Structure formats: structure tokens, C-alpha cells
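S.K.: Going down the list, the protein sequences come from chains R and A. According to our numbering, the first sequence is numbered sequentially starting from 16. According to our numbering, the second sequence is numbered sequentially starting from 1218. Note that beta-carbon positions come from the ideal geometry of N, C-alpha and C, so glycine has one too. Predicted model, so just to flag it, every value in this text is computed and none were measured. Mind looking over this structure? Questions follow.
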Amino acid sequence: MKCEKYLELISLYIDRELDQDLIDVLEEHLSLCQDCLVFFHTMKKTVTLSRTYYKKKCCRVPKAVSTKIFYHLRLIYKKEQF
Amino acid sequence: MEQSSSKALALLKENELIERAKSRDNAAFEELVKRNQAKIYNLGLKLLGNKEDAADLLQETFINAYYALPKFEGKSAFSTWLYRIATNNAFMKMRKKKIPLVRFETERSDSSREEFSLGMSDWSNDPGAHLRNQELKLLIEKSINALPGKYKTIFVLHDIEGFSTEEISKMLNLSVPAVKSRVHRSRVFLRDKLSSYFQPGVKQGANL
Chain R
16 MKCEKYLELI SLYIDRELDQ DLIDVLEEHL SLCQDCLVFF HTMKKTVTLS RTYYKKKCCR
76 VPKAVSTKIF YHLRLIYKKE QF
Chain A
1218 MEQSSSKALA LLKENELIER AKSRDNAAFE ELVKRNQAKI YNLGLKLLGN KEDAADLLQE
1278 TFINAYYALP KFEGKSAFST WLYRIATNNA FMKMRKKKIP LVRFETERSD SSREEFSLGM
1338 SDWSNDPGAH LRNQELKLLI EKSINALPGK YKTIFVLHDI EGFSTEEISK MLNLSVPAVK
1398 SRVHRSRVFL RDKLSSYFQP GVKQGANL
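Quick look at the structure:
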């Protein structure tokens, strides 16, 4: 099997969604192929970095935005009453 | 429908609020908005990249949810149902802005399609330390924004928000293998973009 084929399994491996027989095949390859091993580590870090970045970036809803939603909803309630 | 007082509502469980809101207890619906608005607003910021569009998306999502609520059957979590409405609204906004939904922009003109970057170092171990670097933060944001709309949505829902591939497949009406494949392609794309930061001298690999 070419490296490309192993790399297609990497995401499923990261997500623990790979069947055991394929885990064995992939792990054997990773123990032999430095390039694929690096690919695996850097893929995992891509996910971790993105997740960590967004966790730190979480925003509150601005008060004005929230107020506007409730204003519009109340207009809809009124319309629905008629 | 008799309207509940907001203090009493704050103590109710979500499914109780949903039942009341379905019978047009508007205060109960507003409590659901309060509890879920931050999630949807932040989803909007990630998918659309700016506060104005995120605010519009939030408003449209809850107005759509208000009208659609009588049809909500509780087969999924309420927040999942809201995400479904929000992502559909986000796709409409992306279409209007002519943001590609499924097509990857091809930046590379060379025809030698390497499968991946050879000899790239293993980056470093501490993501927190990296993220103190402004340049990397901008690159992550820029790279995620460069994903086609549907890939970006799937990446955000799966890798950032933590939804399962099954949940996403129901949310977006896609097969589970299609979701898995798009998660993978998005990660390959992002890994490729980030590798230019970690290994500036190394040529980027192709999109697999």
C-alpha cells in the first residue's frame, strides 16, 4: 500500500473510529515510515491548535444584539395575536 | 397561553421550557434564546468571520426557530436542532456573498503533486505556547476562513464544537462517510497551511 493510502486513514485513527485490523496495519506502517509518522503528529496538532485557539476566543453576545432579537420576537408575537 | 415569570423559568429544565414554548409561552421561548444564544453567536463568528453577520445569523436563527418550534419532535438535542437551522442560514449567507461552498481554491500552479511535505519537523508540543504568538493566531483564522464553506462548517462542528459525524450527517443531510471524508480533507488543508508557519522553508504538500 502506498503512503497516500495510509494517510487517508489518519483522521479516522485520530478520532478512534478505525477498525482494529486497520489500526494494526497503520501502526505497523507508522513504526516504519518517518514521513507518515510526522504527518500523523502534525495532523493531530492542527486539530489541537485550532481547538485551543477557538476556546480562548469565545465571545459574549453583545447586549445590543440580544436586545434587538427580543424586540423582533415581540413584534412577531404581536403579529401572531391578530 | 399563560406566560411564565422569568425567575421561575430560569430554574426549569430545557425540555420543560420547550414544551411551554411550543404552546406559545413566549417567556419560555425567550429563556431558550438566552440559554442558547452564545453558542449560536460564536458559531456564526467562526463560520462567517465577522460580528455583523454573526449577529444577523443569530437573529434569523431564533426567528426561524420560533416559527419551526411546533414541528420540533425532540429527536435530537434542542441545541443540535438550532445548529441545523443556523448552519443552513450560514450557507445561504455564504452563497449570497459568493463564498465557495465546496470548491477548494487552487493556489498552487506546479503540477508535481507531492502527497505530503517530506522531512517536515514534528512541530512542538505546547499548543498554548504557540498560541501566544499573534502571527500563528492570524494564520489559523485565515486558514480556517480559506476553507470552502461546507468544509469549514464540518470542521468547526466536528473538531471545534465536538459533534459526532452521525450528528453532523443529520444536521447537514450528508452521509456519514461524506462527513468523515470532509473532516479529513479539511484537516489536511489546514495542516498544509500551518506547516508554512512551522517550517517556512518547506514546500507545502498537495491537498489530498
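(1) Considering lysine 1239(A), what are the terminal residues of the alpha helix (DSSP H) in which it resides?
(2) Any residues in the stretch 67-94 of chain R with a beta carbon nearer than 9 Å to a beta carbon of chain A? Which ones, in chain order?
(3) Could you check whether lysine 71(R) and tryptophan 1340(A) sit closer than 8 Å to each other, using their CB atoms as the reference points?
(4) Please list, in chain order, the chain R residues whose beta carbon lies closer than 7 Å to that of arginine 1408(A).
(5) Taking Cβ positions only, does serine 1240(A) come closer than 8 Å to chain R?
(6) Taking any Cβ of chain R, which residues in the stretch 1294-1327 of chain A have a Cβ under 9 Å from it, in chain order?
(7) Applying the criterion that 16 or more other CB atoms from any shown protein chain within 10 Å of the CB defines a buried residue, is tyrosine 68(R) buried or exposed?
(8) Helix, strand or coil for aspartate 34(R) per DSSP?
(9) Does the Cβ of methionine 1309(A) have 16 or more other Cβ atoms within 10 Å, making it buried, or fewer, making it exposed?
(10) Assign serine 1293(A) to one of three DSSP states: helix, strand, or coil.
(11) Does the beta-carbon distance from asparagine 1243(A) to tyrosine 86(R) come in below 8 Å?
(12) Determine, using beta carbons only, whether phenylalanine 1333(A) comes closer than 8 Å to chain R.
(13) What residues in its chain sit with their C-beta under 6 Å from that of leucine 52(R), if we drop five residues either side in the sequence?
(14) For leucine 24(R), does the three-state DSSP call read helix, strand or coil?
M.R.: Reading it off the structure:
(1) 1231-1239
(2) Going along the stretch 67-94 of chain R in chain order, one finds Thr67, Tyr68, Tyr69, Lys70, Lys71, Lys72, Cys73, Cys74, Arg75, Val76, Pro77, Ala79, Val80, Ser81, Lys83, Ile84, Phe85, His87, Leu88, Arg89, Ile91 and Tyr92 with a Cβ nearer than 9 Å to chain A.
(3) no
(4) Thr57, Met58 and Thr61
(5) no
(6) none
(7) buried
(8) coil
(9) exposed
(10) coil
(11) no
(12) Interpretation of phenylalanine 1333(A) is limited by its pLDDT of 48, a score under 50 that renders its predicted location unreliable; no figure is taken from the coordinates.
(13) Leu45
(14) The answer is coil: DSSP assigns leucine 24(R) none of H, G, I, E or B.
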